[in-house]
Amino acid sequence: MEENNYNVIGGRILSASRTELYMNLPYLDAALFSLADQPGEEKTATAGTDGVNLYYSGSFLAERYLRGSRYPCRLLLHLTLHCLLRHLHRRKNKDHALWDLACDAAVESILEDLGYDCIRTPLAPAGQRFLSECRAEMKVLTADAICRKLMRDRLGEYEIAQLQRVFRQDDHALWDLEGKDEQQDKRWKEKAEQTQTAMETLLGGIAEGGETVLTQLRVENRDTTDYRAFLRRFAAPKEVLHSDGDAYDPIWYAYGLQHYGNMPLIEPPETREEKRIEDLIIAVDTSMSTSGELVREFLRCTWGILRSTQTFTRRLNIHILQCDDRVRSDRLITSPEELEAYMNALELSGGSATDFRPVFEYADELCRKGAFTNLRGLIYFTDGMGIYPTRRPGYEAAFVFLNEPPMQVKLPPWAIRLTLGQEELDQAKAEELYNEERLAEMPEL
């Protein structure tokens, strides 16, 4: 009987907490009302979710509520954000201890930034220090980024346990989604996209303080980008020395071999048309707000892709510009060897505010001087904060972000926007390394 009373009390606490959260964060309504409350003393001693139900211990919630109504509100929002950011479904093939800690830290960083009274509870100094370290190293505190930091730092068991005590709010034992991954992940992906749309459009005017939530949703909702395929959009048709088996009829070839003493009546052409990159401008933002290490990472990845024989012609005509509020340097690359030498001795110059206009003016001047035969595009690596040109250039212009840019960044309508994650860069580099190894193993003709 006492247990039943606690279950009823726990349900009422969750209902009141959900209502209070909705009044403060209406753009999260789709997520807040997606979990069904279920008493679950046999499943958890605290509270947790499997992506469908929210299981809770009534006595635990009652104890939390006695400390203040903010505590159950923060708990409810914490585990709801886990679902909305799809932390449960991306746990597969990861170190569970580090992944769970990274997810808790990412969610708590959002709650700290929201700052609403209904969820404001003190965060321990150890947690504040850790989040400060994360913010110094990354622009968006996603679970993936924090997990990579934890793996790099190789913290001891005591330090890991200390951070777990600071950030843990809910029970992750229910995150075992065996057999339900695909269905639930699709459901929460739709909820995340719905929430993002609401924040950007209908509820944009009242989503005050939700910038951190929106930034995380943009990162998690973006489609995985094939950076190699993206680069090829700047390629132009070129005739290359390669047998073209699709340009002739093999029947006549076989007929000649059969009836005229191994004399084919027709042979495949010795050249074929392929799309290759020859003319290209790569502009690198070297302003104070752009990390030098991110710039190097971007260039390393781009270099690895461009040196693939399937992407560029043997003769290159690539201008690499370093720029902040003006063009600081222009390095002409005409061969893969020059590109490799440039990467090995890379030094960045700049450090002022960002103005994108001088780069486009400089690129237009290069075109007028005949520096390119067929310039297809300009790739600008930046954090997005700066002054954009208003006039559309005579070539495609793509702005590449390694992290999701701030909400206030508004690109011109003609600009191509691409946000890369560390995973996409790592995948692109791995694929190029694999292609190089395969080419090295092929016998020379």
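Quick note, the sequence shown lines up with residues 13 to 457 if you use the working numbering.
Idealized CB from N, CA, C, for every residue including glycine.
On a predicted model such as this, the values are computed, not experimentally measured, just so you know.
Residue i lies in the beta strand (DSSP E); which residues open and close that run?
| i | result |
| --- | --- |
| Tyr68 | 65-68 |
| Asp342 | 339-345 |
According to the Cβ coordinates, are residue i and residue j closer than 9 Å?
| i | j | result |
| --- | --- | --- |
| Leu328 | Thr346 | yes |
| Thr31 | Arg86 | no |
| Ser71 | Glu53 | yes |
| Thr207 | Ala43 | yes |
| Asp112 | Arg103 | yes |
| Val231 | Thr314 | no |
| Asp125 | Glu202 | no |
| Val371 | Leu311 | no |
| Arg7 | Ile294 | Shown here, the chain extends from 13 to 457; a query on residue 7 therefore has no answer. |
| Pro84 | Leu26 | yes |
| Val225 | Ile122 | yes |
| Leu229 | Leu47 | no |
| Leu37 | Leu89 | yes |
| Pro401 | Arg369 | yes |
| Arg245 | Glu408 | yes |
| Trp187 | Gly60 | yes |
| Val152 | Thr92 | no |
| Tyr34 | Asp49 | no |
| Met211 | Tyr354 | no |
| Met163 | Asp129 | no |
| Val421 | Tyr374 | no |
| Phe179 | Ala410 | no |
| Leu358 | Arg429 | no |
Our contact map puts residue i next to residue j with C-beta atoms below 8 Å; I'd like the distance itself, whole angstroms only.
| i | j | result |
| --- | --- | --- |
| Thr431 | Thr394 | Not really, about 12 Å apart at Cβ, beyond 8 Å. |
| Ala74 | Gly22 | 7 Å |
| Val412 | Ile391 | 6 Å |
| Val119 | His94 | 6 Å |
| Ser341 | Ser299 | Ser341 to Ser299, Cβ: 14 Å. No contact. |
| Tyr117 | Ile158 | For the record, residue 117 in the displayed sequence is Ala; it is not Tyr. About 5 Å separates the two Cβ atoms, so the contact holds. |
| Ala138 | Leu110 | Not really, about 17 Å apart at Cβ, beyond 8 Å. |
| Gln181 | Gly63 | The pair is not a contact, with the Cβ atoms about 16 Å apart (cut-off 8 Å). |
| Pro51 | Asn17 | In fact, because the Cβ distance is near 11 Å, the residues do not count as touching under 8 Å. |
| Thr385 | Asp297 | About 27 Å; that fails the 8 Å criterion. |
| Asp376 | Pro348 | About 28 Å separates the two Cβ atoms, so there is no contact after all. |
For the alpha helix (DSSP H) containing residue i, name the first residue and the last one.
| i | result |
| --- | --- |
| Glu171 | 169-179 |
| Ala2 | Any property of residue 2 remains undetermined from this structure, which presents the chain solely from 13 to 457. |
| Asp125 | 108-126 |
| Asp182 | Here Asp182 belongs to no alpha helix (DSSP H), and DSSP marks it neither H nor E. |
| Gly139 | 137-149 |
| Tyr400 | Where Tyr400 is concerned, there is no enclosing alpha helix (DSSP H), given that its DSSP letter is neither H nor E. |
| His90 | 82-96 |
| Asp41 | 41-44 |
| Arg164 | 155-165 |
Using DSSP bridges, identify the partner residues of residue i.
| i | result |
| --- | --- |
| Pro51 | Tyr68 |
| Phe413 | Thr431 |
| Leu390 | Ile293, Ala409 |
| Ile330 | Leu292, Ile345 |
| Cys335 | Asp297, Val339 |
| Asp367 | Ile399 |
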